[in-house]
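Engineer: Next up is a structure, given as structure tokens.
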Amino acid sequence: MISVTKTRKAAGADKLPAAKSTIQARLARLGLRRDIDFVLHLPMRYEDETRIVPIAEARDQAQVEGVVNDCSIQFRPRRQLVVRMADASGELTLRFLNFYGSQTRQFETALETKTRVRVRGEVRDGFFGREMVHPRYSLVEQGVALPESLTPVYPAGEGVGQALLRTAINRALARMLDQRALSDTLPDAIRTQRQLMEIGSAVRLLHHPPPDVNQQGLLDRSHPAWIRIKFDELLAQQISLMRAHHARRKLDAPALRTPGKKVNQFLQSLPFKLTGAQQRVWSEIRGDLAVSHPMQRLLQGDVGSGKTVIAALAALQAIDNGFQAALMAPTEILAEQHFRKLAQSLETIGVSIAWLTGSLKKKDKTLAQEQIESGAAQLVIGTHALIQDGVIFHRLGLAIVDEQHRFGVGQRLALRSKTLHGQPHQLMMSATPIPRTLAMSYYADLDVSSIDEMPPGRKPVVTKLLTQTRRDEVVQRIHAAAIDGQQVYWVCPLIEESEALQLQTAVDTHAALSAALPDLSVGLLHGRMASAEKAEVMQAFVAGTIQVLVATTVIEVGVDVPNASLMVIEHAERFGLSQLHQLRGRVGRGAAESACILLYQSALSQTARARLRIMHETTDGFEIARRDLELRGPGEFLGQRQSGMALLRFADLQTDQWLVEQARDTAALMLREYPEYADLHLQRWMGGREEFLKA
Ligand code: ADP
Ligand code: MG
């Protein structure tokens, strides 16, 4: 007996600290570590438990109190617990479709002992009078005091419920107020000028709003307390971005001065004239390169707008000045294509180009690495292999990242640290345009150039939506097009859960189309093929010996085969908007009328329907990006990888644009005149997370 008691005690004794530390770990997962983190963990919404209204007057969300008159389990049509309650003013039915036996017993006891119940929920007029479905309720002794402020509901997490959060947050808030640790990080002058509430009052109000508060303002976050919070959050972001910008301005980079011989030779060799937009961005980039601080510029331009030529010009400017340039692309196919195209035109003007990808043979890789390190290679084109160990540039003057959104933050940073001397300039390119609002708050340390004009003679791609049931008709159509000399992409459905399954689908589709189109040459391209094989298939497609190319999304970015004028995308409903736009951008590159057929499986979800409609309505990448942002919100739009976790918790870039602008002005002012406040403010809001903003 005694020994049993002992072991029990011992087990209980070491369980306690363990439990405490798991709670801490769970809270930490929500970003809650320091007192200030708790204080800034603000409610998503509130419940009003401060007032009880007579049942007869209850509307919408309400709290009422009364006695139970009846309690029974009914079947109409589903099994449900039905409770009738009343106060002096009227009757109310409570309906529970999912319930436990213990709940039934609770109400039965309340009925017998005449214990009062307090109920909160949405009142509606049911068939048998006023009712609430699944209300929240508690049994109360009459006269138990009501809470004095609205009850906050916090963003919770796994194993972290409301009760735990409320206690922890209240403690942290009390502690900080006690220690006067919630001082304002805005100088009074700025706070008054911007008419902002004090931070201490703002957080107190948000955690414990008085019953007479403007509830709508709390909900839609237009209340002055929310404005202060959102302002502070945006301010921290802006200060941090500006600091990064200033830090960059202190670094040295080679001044790559006015274009020399090779730039001019290349311009003269082009079979076309640069568009006005291309000339403009080229002069912006040229200007940056000539300055002795590292350029960090994003070149954005819709699919097919001609970014590659600009990249080549920038690279040549580095080479003309005796430096190396690197061009990194996200896929082997794209890197290969750049290599093939640039090699043709650049080697004739005497540029030595090296090629580096993961799939090179050991011997070739070593050779390439030697040329890169000795400086013998002036332009280096490749994939992620460029940022791997063992690659060191002799004198890298310019790092170009194509389709930058396909790389992670760390990868983008890695390329510029690959050189022995100083810092290179960096040019990032993207066809996924970042709307202005986002650019302002996520990329303040990035200068942006936009190509907003297409090369002349392009005809817009006509987009058709057809249900999957009309696949046979589509096969007939591509047959006719191919006989007519056109080339066709057939894009296989995306299967996110399984790469193996996606591969299988591609193989099956290839077999089926080959059988259905015996007089055509049908090729297959997918990510698992050996690089040599991929290159061979692409070559054959470029040369026109393959007429129909069945492909997975490996062709999504950059691939440029002007004679391809028809694209079919199967199960288009599974793709995201920017992905569809990128895919569609593979056609419409030549002089022929082009079309894109989106096959979809009905019934469509609402967002899938919205996406397809947008694709049908517009081919403008900026417009698509804007509407994508609307559909998905900035967090998802940028993606974790993209934004490096700098996502805003409180401010909303669509509705709070005016605040972004104010925060930006204030950030500049604070850095100039109140640097110590700026430090405090960053400490409070970022607590060491700034690193992410620098990419
Ligand atoms: P993206 O911006 O999508 O990378 P590319 O650089 O691949 O576009 O260019 C698409 C096509 O347009 C290429 O075939 C390129 O040679 C051609 N192109 C680029 N600039 C012009 C121009 N100013 N006039 C005519 N064609 C151009
Ligand atoms: Mg491109």
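Just add 289 to wherever you are in the sequence shown, counting from 1, and you've got my numbering.
All C-beta atoms, glycine included, are put in the ideal place defined by N, C-alpha and C.
Helix, strand or coil for residue 492 per DSSP?
Structural biologist: Note: residue 492 maps to helix in three-state DSSP.
Engineer: Given 8 Å as the limit, is there contact between the segment 420-430 and the segment 365-385, that is, 3 or more CB pairs closer than that?
Structural biologist: Touching, yes, given that three or more Cβ pairs across the two stretches are closer than 8 Å.
Engineer: Out of 592, 635 and 562, state which residue places its alpha-carbon closest to the alpha-carbon of residue 552.
Structural biologist: Closest option to residue 552, Cα to Cα, is 635.
Engineer: Suppose the cutoff is 8 Å on Cβ atoms and the five residues either side in sequence are ignored; what does the same chain contact list for residue 712 look like?
Structural biologist: Around residue 712: 540, 541, 542, 583 and 705.
Engineer: Just to confirm, does residue 596 get its C-beta within under 7 Å of one of the non-hydrogen atoms of the ligand MG?
Structural biologist: Yes.
Engineer: Along the alpha helix (DSSP H) that carries residue 803, what are the first and last residues, could you check?
Structural biologist: Per DSSP, residue 803 belongs to the alpha helix (DSSP H) from 788-805.
Engineer: For residue 427, write down the residues that DSSP places opposite it in a beta bridge.
Structural biologist: Per DSSP, 407.
Engineer: From this set, 479, 680, 719 and 875, which residue's C-alpha is nearest residue 696's C-alpha?
Structural biologist: Of 479, 680, 719 and 875, the residue nearest in Cα terms is 719.
Engineer: Are the segment 732-751 and the segment 590-599 touching by the rule of at least three beta carbon pairs closer than 8 Å?
Structural biologist: The segment 732-751, when compared against the segment 590-599, does touch it at the 8 Å Cβ threshold.
Engineer: Under 7 Å from any heavy atom of the ligand MG, does the C-beta of residue 741 make it?
Structural biologist: Not under cutoff, so the answer is no.
Engineer: In the segment 835-866, which residue ranges form an unbroken beta strand (DSSP E) of at least 3 residues, counting only runs that do not cross its ends?
Structural biologist: For the segment 835-866, whole beta strand (DSSP E) runs of length 3 or above, ordered along the chain, are 837-840 and 853-858.
Engineer: Check residue 746 in the structure and name its three-state DSSP category.
Structural biologist: The answer is coil: DSSP assigns residue 746 none of H, G, I, E or B.
Engineer: Taking 8 Å as the threshold (C-beta atoms), are residue 662 and residue 646 in contact?
Structural biologist: Taking 8 Å as the Cβ cut-off, residue 646 and residue 662 do not qualify as a contacting pair.
Engineer: Tell me whether residue 970 is buried or exposed, calling it buried when 16 or more other Cβ atoms sit within 10 Å of its Cβ.
Structural biologist: Buried.
Engineer: Since residue 817 contacts residue 844 with CB under 8 Å, what's their CB separation in whole angstroms?
Structural biologist: With 8 Å as the limit, residue 817 and residue 844 do not qualify as a contact, their Cβ atoms being about 14 Å apart.
Engineer: Would you tell me roughly how many angstroms separate the C-alpha atoms of residue 408 and residue 784, rounded to the nearest one?
Structural biologist: Near 47 Å, if we compare the C-alpha coordinates of residue 784 and residue 408.
Engineer: DSSP three-state call for residue 351: helix, strand or coil?
Structural biologist: Residue state, collapsed to three classes: strand.
Engineer: Just checking, does the segment 899-914 make contact with the segment 489-507 on the three C-beta pairs under 8 Å criterion?
Structural biologist: No: fewer than three Cβ pairs fall under 8 Å.
Engineer: Would you check if the segment 871-887 and the segment 818-826 touch, i.e. whether three or more CB-CB distances between them fall below 8 Å?
Structural biologist: No contact exists between the segment 818-826 and the segment 871-887.
Engineer: Need the endpoints of the beta strand (DSSP E) that residue 966 sits in, please.
Structural biologist: Where residue 966 is concerned, there is no enclosing beta strand (DSSP E), although the alpha helix (DSSP H) it sits in stretches over 964-975.
Engineer: Evaluate residue 823 with the Cβ neighbour count: other Cβ atoms within 10 Å of its Cβ, from every protein chain shown; 16 or more gives buried, anything less gives exposed.
Structural biologist: Classification of residue 823: buried, given that the 10 Å Cβ count is 16 or more.
Engineer: So which of 605, 861 and 714 has the shortest CA-CA distance to residue 760?
Structural biologist: The candidate whose alpha carbon is nearest that of residue 760 is 861.
Engineer: Can you grab the Cα-Cα spacing for the pair residue 411 / residue 351, in whole Å?
Structural biologist: Whole-angstrom Cα-Cα distance: 6 Å.
Engineer: For residue 602, tell me which candidate among 481, 894, 465 and 640 has the shortest Cα-Cα distance.
Structural biologist: Out of 481, 894, 465 and 640, 640 has the C-alpha closest to the C-alpha of residue 602.
Engineer: By DSSP, does residue 340 sit in helix, in strand, or in coil?
Structural biologist: It is coil, neither helix nor strand.
Engineer: Near residue 606, which residues of its chain fall below 7 Å by C-beta distance, leaving aside the five closest residues on each side in sequence?
Structural biologist: Closer than 7 Å at the Cβ level, and outside the excluded window around residue 606, lie 545, 548, 552, 575 and 578.
Engineer: Please confirm whether any heavy atom of the ligand ADP lies closer than 7 Å to the CB of residue 592.
Structural biologist: Checking the Cβ of residue 592 against the ligand ADP gives yes.
Engineer: So, at 7 Å on beta carbons, what are the nonlocal neighbours of residue 782 in its own chain, with the 5 sequence-adjacent residues on each side left out?
Structural biologist: 794, 859, 860 and 863.
Engineer: Would you kindly work out how many angstroms separate the C-alpha atoms of residue 884 and residue 949, rounded to a whole number?
Structural biologist: Taking the straight line joining both Cα atoms gives about 41 Å.
Engineer: By alpha-carbon positions, which one of 655, 693 and 686 ends up nearest to residue 673?
Structural biologist: Residue 673 has its Cα closest to that of 693, out of 655, 693 and 686.
Engineer: Counting pairs of Cβ atoms below 8 Å between the segment 361-380 and the segment 325-335, do you hit three or more?
Structural biologist: With a cut-off of 8 Å, the segment 325-335 and the segment 361-380 do not count as touching, because too few Cβ pairs lie within range.
Engineer: Count the other C-beta atoms from every protein chain shown that fall within 10 angstroms of the C-beta of residue 610, then say buried if there are 16 or more, exposed otherwise.
Structural biologist: Buried: at least 16 other Cβ atoms inside 10 Å.
Engineer: Mark residue 974 as exposed unless 16 or more other C-beta atoms lie within 10 angstroms of its C-beta, in which case mark it buried.
Structural biologist: Burial call: buried.
Engineer: Within the present structure, is the beta-carbon of residue 878 separated from the nearest heavy atom of the ligand ADP by less than 7 Å?
Structural biologist: It does: the Cβ of residue 878 is within 7 Å (strictly closer) of some heavy atom of the ligand ADP.
Engineer: Within the segment 588-668, note down every full alpha helix (DSSP H) run reaching 4 residues or more, in order along the chain.
Structural biologist: Fully enclosed alpha helix (DSSP H) runs of 4 or longer: 596-609, 621-636 and 651-663.
Engineer: What number of angstroms, rounded off, separates the C-alpha of residue 869 from the C-alpha of residue 902?
Structural biologist: When rounded, the distance between both Cα atoms is 12 Å.
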